[in-house]
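Note sheet for the following structure.
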Amino acid sequence: MLATPAPYSLRPMTVDDIPAVLEIDRLSFPSPATAQLYLNELTDNRLAHYQVLARREPSGETLAGYAGFWLIADEVHVSTIAVHPDERRRGRGEWLFLNLLLEACRLDPLLVTLEVRTSNMAAQGLYRKYRFQEVGRRRRYYHDTGEDALLMTVDFAEHPDYCAWLAARVAADFAV
Ligand SMILES: CC(C)(COP(=O)(O)OP(=O)(O)OC[C@H]1O[C@@H](n2cnc3c(N)ncnc32)[C@H](O)[C@@H]1OP(=O)(O)O)[C@@H](O)C(=O)NCCC(=O)NCCS
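So in the working numbering the end of the sequence shown lands on 301, straight run, no missing numbers.
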């Protein structure tokens with residue numbers, strides 16, 4: 126797990142996190158997920174890996190964000206990432222995404238893939254910063270708005286140095 130400066134820490138998502146995750150979901154997506162979806166992901170989906178970025182204060186813990194992926198055969202597919210609006214543009218999304226990619230590297234996949242709304246420039250900026258490339262478009266992928274999805278990937282066969290590059294980035298920019 127990537128080390129993060131206090132009072133933040135990354136840890137696996139638990140069932141107890143679901144209400145706070147749903148609140149961030151509600152503030153982040155046109156069609157938020159349901160409690161049942163997260164419950165299934167955490168208890169029934171052995172392919173799923175979810176992390177939260179927690180903020181610990183003397184008064185208690187709050188969630189700053191979360192991210193998740195599925196490992197499907199040789200592919201890591203990013204299923205979600207979101208940061209609470211009050212915490213955005215301070216590097217929190219980058220911590221979550223970098224940690225997810227480090228976890229992915231440990232699983233030694235051939236490919237990391239994700240879909241992103243064509244209008245979502247913030248997320249695309251994050252993904253491009255981590256060398257994801259646009260490889261396709263899924264027409265009207267999002268039924269809530271009818272928007273297209275861009276399919277973005279990092280192909281480890283084309284970029285065999287990718288995990289070493291990530292590790293070097295952590296050493297240079299994320300030492301706590
Ligand atoms: C996408 C998201 C997770 C980014 O989280 P964040 O904590 O604000 O991002 P960070 O501060 O860590 O920024 C990391 C990089 O993302 C990109 N980025 C983040 N916000 C951006 C914005 N508003 N515009 C353009 N690029 C942006 C930049 O490349 C940034 O790197 P930089 O600081 O060197 O410019 C956040 O905007 C979010 O939760 N959005 C709603 C949910 C969502 O759209 N999830 C993605 C689903 S595909």
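Where is the CB? At the ideal position from N, CA and C, for every residue including glycine. Computed from a predicted model, the values in this text were never measured in an experiment.
CA-CA distance, P137 to L276, rounds to 26 Å.
Our two residues, W220 and L127, have alpha carbons roughly 8 Å apart in a direct line. Using a Cβ-Cβ distance cut-off of 8 Å, the stretch 244-251 and the stretch 285-301 are not in contact, since fewer than three pairs of beta carbons, one from each stretch, lie closer than that value.
Closer than 7 Å to some heavy atom of ligand 1: that does not describe the Cβ of L225.
By the 16-neighbour rule on beta-carbons within 10 angstroms, E283 is exposed. One alpha carbon belongs to E212, the other to E228, and they sit about 23 Å apart.
Under the three-state reduction of DSSP, L127 is assigned to coil, being neither helix nor strand. Taking all protein chains in view, the Cβ of S204 is crowded by 16 or more other Cβ atoms within 10 Å, so the residue is classified as buried. In its chain, beyond the 5 residues on either side, M138, D142, V146, I149, Y175, Q176, V177, L178, T205, I206, A207, L221 have a beta carbon closer than 8 Å to the beta carbon of Y191.
Between ligand 1 and E259, a heavy atom-to-CB distance of less than 7 Å is absent. For the pair P132 and E182, the CB atoms are nearer than the 8 Å cut-off. In this chain, the alpha helix (DSSP H) harbouring F222 covers 217-232.
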